[in-house]
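23 is the number of the first residue of the sequence shown in this note's numbering; add one for each residue after it.
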Amino acid sequence: MKKIIYLTIIIPGISLILSSCDDFLDRKPISELTAEMQGIDPYVKDAPKINNAEQAEAQLSSAYNAFGGEFYQLDVYLNGDAQSDNCYGGELKAQTIQLDEYSLDASNGNVSRDWGYMYRQIGVCNTLIEWVPKVVDAALTETRRTEIVAEASYIRAQCYFNLVRLYGACPLTLKDIPAITNENFDEIYPLLYPPREEVDAIYDQIIKDMETAAAGVADYSSSKFKVTKPVVYSKLAEIYATKGAPGNIDWNKVLEYASKVTTNPNYRMLDNFADVFKVSGGDLANPNSAESIFELECVHNTSTGNWAYYMFIGTDWRKFCTPSIDLVNAFKAEGDVVRLSVSVKFDKATWSDQDWDSNNYPFCYKIQGPDNTNIIMIRLPHVMLLEAEARNELGDLAGAKTIVNKIRARAKLSETTANNQQDMRLAIEKERRLELAFEGYRWFDLKRTGRLYDVMKSCSDKQNKNAYRLADGTRWLWPIPQAELDLNTSLTQNDGY
Numbered sequence: 023m024k025k026i027i028y029l030t031i032i033i034p035g036i037s038l039i040l041s042s043c044d045d046f047l048d049r050k051p052i053s054e055l056t057a058e059m060q061g062i063d064p065y066v067k068d069a070p071k072i073n074n075a076e077q078a079e080a081q082l083s084s085a086y087n088a089f090g091g092e093f094y095q096l097d098v099y100l101n102g103d104a105q106s107d108n109c110y111g112g113e114l115k116a117q118t119i120q121l122d123e124y125s126l127d128a129s130n131g132n133v134s135r136d137w138g139y140m141y142r143q144i145g146v147c148n149t150l151i152e153w154v155p156k157v158v159d160a161a162l163t164e165t166r167r168t169e170i171v172a173e174a175s176y177i178r179a180q181c182y183f184n185l186v187r188l189y190g191a192c193p194l195t196l197k198d199i200p201a202i203t204n205e206n207f208d209e210i211y212p213l214l215y216p217p218r219e220e221v222d223a224i225y226d227q228i229i230k231d232m233e234t235a236a237a238g239v240a241d242y243s244s245s246k247f248k249v250t251k252p253v254v255y256s257k258l259a260e261i262y263a264t265k266g267a268p269g270n271i272d273w274n275k276v277l278e279y280a281s282k283v284t285t286n287p288n289y290r291m292l293d294n295f296a297d298v299f300k301v302s303g304g305d306l307a308n309p310n311s312a313e314s315i316f317e318l319e320c321v322h323n324t325s326t327g328n329w330a331y332y333m334f335i336g337t338d339w340r341k342f343c344t345p346s347i348d349l350v351n352a353f354k355a356e357g358d359v360v361r362l363s364v365s366v367k368f369d370k371a372t373w374s375d376q377d378w379d380s381n382n383y384p385f386c387y388k389i390q391g392p393d394n395t396n397i398i399m400i401r402l403p404h405v406m407l408l409e410a411e412a413r414n415e416l417g418d419l420a421g422a423k424t425i426v427n428k429i430r431a432r433a434k435l436s437e438t439t440a441n442n443q444q445d446m447r448l449a450i451e452k453e454r455r456l457e458l459a460f461e462g463y464r465w466f467d468l469k470r471t472g473r474l475y476d477v478m479k480s481c482s483d484k485q486n487k488n489a490y491r492l493a494d495g496t497r498w499l500w501p502i503p504q505a506e507l508d509l510n511t512s513l514t515q516n517d518g519y
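This is the structure in structure tokens:
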């Protein structure tokens, strides 16, 4: 009788338990990258994972299609808005309540799934970055080869940017996992059980990947569901505004990359705020508009169909991301009728709520249609306000004021009264909150400015009662998922968990 061997294969976010006969080490495990779908024999030692142009394009589509998944259609908003003063989690399950209350534990389902989503998308990109340069196929031009690797580098960098802001130090996996054999097991072992890398090293790699992307992606695309130079520059501006925050930010870099976008003639704010998000004929009324920089192209009944709408709107079950009293009051205090009416939809609810009248219940409304309605992921005002921050920090108060006033003018508001650097910091913070509510930025903005505890402590409604958990800074990061710690003894837990 042959001996059965069990081995747990670990790639960050992917745990595979394989069983086979005692010759299993001569066989290549099937990973979640679905080798068979690429036309590759997973049991041929050292078989290339990408053989031709068609497979390269299919793998790249897989990397893009991940933008249609749960992380980007739901968790981006839970993480960026429900953990801030913008909204409550809404759903009454423990894992969502923990987000609201800053009481996450290492077994929380959101904590585990977001780790996994990011590393799976990274794995797809690693395959592209390693194998596409080796493909011999006349159908794959050198221009397209460079572009594919550059687009994959951007996506990998964005994933690591998400990870480092959520978890801090984390494994930095940059290689495709090769076939496992009894000859190379010692070499492969550290790839399967990687330790955490320091935050600075992760940012160094993020910037390296972004620079690769900037050099190789297209200058512009009328279809915004494609990584182009403005997409890369927008993200680089945000990365530099976060790296070293709050006290050691390279504001010259923020200004350099933000201004590459804001001065690009292909981009401008639409005249009316409502026109950015308005739906007509089952899609955005203005898909791929001049204000949109990166936009998920949604096609119903495909991997990128828009189902996020149903997470936030409707009365069939209690929805996610209920707008907070504090946010609605902030809109009203500013006299901001334009952006309030677009960002929040009041309707009847079929459930009772101690915070809101069920006959006049708020729903976040930046995604105003389902199915084929595109979702805007990066838009111009986000970058404009990063530029305003940089100008203010570099002593150009007038330049910062010009940008803020331009955004306020579209919202039918008077000019800012900020007349010094500190007042302008707060004016930009407020403008980012009201302009970008329910777009996933608020929690990360408050963290990078060092204002998370102070803002949440002074919040005008129930969210302030949990702010004490933020006082020592440990809860500004999430825990490392317990399932990953159990499987990988090279990992360590964040302080406070």
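Backbone N, C-alpha and C define an ideal beta-carbon position, used for all residues, glycine too.
Following the DSSP letters along the chain, one finds Leu150 inside the alpha helix (DSSP H) bounded by residues 131 to 153. Residues Ile229, Met232, Ala236, Lys275, Tyr279 of the same chain have their beta carbon placed closer than 8 Å to that of Leu258, with the five preceding and five following residues left out of the count. Here the alpha carbons of Gly327 and Glu113 stand approximately 22 Å from one another.
Across the set Arg218, Tyr189, Gln376, the C-alpha of Tyr189 shows the shortest separation from the C-alpha of Ser134. In the DSSP assignment, Cys109 forms a beta bridge with Pro345. Its chain contains Asn74, Ala75 as the residues whose beta carbon lies nearer than 6 Å to that of Asp159, once the 5 sequence neighbours on both sides are disregarded; these appear in chain order.
For Ile397, the enclosing beta strand (DSSP E) has its first and last residue at 397 to 401.
Per DSSP, reduced to three states, the secondary structure at Thr250 is strand. About 6 Å separates the Cβ atoms of Phe247 and Glu317, confirming a contact at the 8 Å cut-off. When the alpha-carbon of Pro287 is set against those of Leu402, Gly472, Trp498, Ser512, the nearest one is in Leu402. At a Cβ-Cβ threshold of 7 Å, Leu499 and Leu507 do not count as neighbours. With distances taken between CA atoms, Gly462 lies nearest to Asn101 out of Asn101, Leu492, Asn87, Lys388. Distance from Ile389 to Tyr475 at the Cβ level is roughly 30 Å; contact not present, criterion being Cβ atoms closer than 8 Å. By the neighbour-count criterion, in which 16 or more other beta carbons inside 10 Å mark a residue as buried, Lys341 falls on the buried side. Between the C-alpha atoms of Ser256 and Asp393 there is a straight-line separation of about 27 Å.
Scanning Gly269, Leu349, Asp297, Arg218 for the CA closest to the CA of Asn510 turns up Arg218.
For Glu219, the pairing in a beta bridge is given by DSSP as Cys192. For Ser314, the enclosing beta strand (DSSP E) starts and ends at 314 to 318. Of the residues Glu437, Ala422, Trp465, the one whose Cα lies closest to the Cα of Gln444 is Ala422. Per DSSP, Tyr383 is not a residue of any alpha helix (DSSP H); the beta strand (DSSP E) it occupies stretches across 383 to 386. In the three-state reduction of the DSSP assignment, Asn328 falls in the strand class.
Using a Cβ-Cβ distance cut-off of 8 Å, the stretch 89 to 100 and the stretch 466 to 480 are not in contact, since fewer than three pairs of beta carbons, one from each stretch, lie closer than that value. Here the alpha carbons of Arg361 and Ala223 stand approximately 39 Å from one another.
Scanning its chain for C-beta atoms nearer than 7 Å, with the 5 sequence neighbours on each side dropped, one finds around Asn351 the residues Ser482, in chain order.
Here Lys370 has Thr337, Ser380, Asn381, Tyr383 as same chain residues with Cβ atoms under 7 Å from its own Cβ, once five neighbours each way along the sequence are excluded. Inclusion of Ala78 and Ile170 in the CB contact set at 7 Å is warranted, their separation being smaller than that value. Boundaries for Asp375: no alpha helix (DSSP H) harbours it, and the DSSP string shows neither H nor E there. Judged by DSSP secondary structure, Val283 falls within the alpha helix (DSSP H) whose first and last residues are 273 to 284. C-alpha of Pro193 to C-alpha of Ile398: approximately 30 Å in a straight line. Residue burial annotation: Val364 is buried, with at least 16 other C-beta atoms found within 10 angstroms of its C-beta.
Between Cys147 and Ala85, the C-beta spacing is below 7 Å. Contact between the stretch 410 to 428 and the stretch 437 to 455 is present: three or more C-beta pairs spanning the two stretches fall below 8 Å. Under the DSSP assignment, Asp122 falls in the alpha helix (DSSP H) whose first and last residues are 116 to 123. Your pair Leu456 and Ala263 does not check out as a contact, with CB atoms roughly 19 Å apart and the cut at 8 Å.
Proximity to Val359 across Leu292, Arg290, Arg432 peaks at Arg432, based on C-alpha coordinates. For Val301, the three-state secondary structure derived from DSSP is strand.
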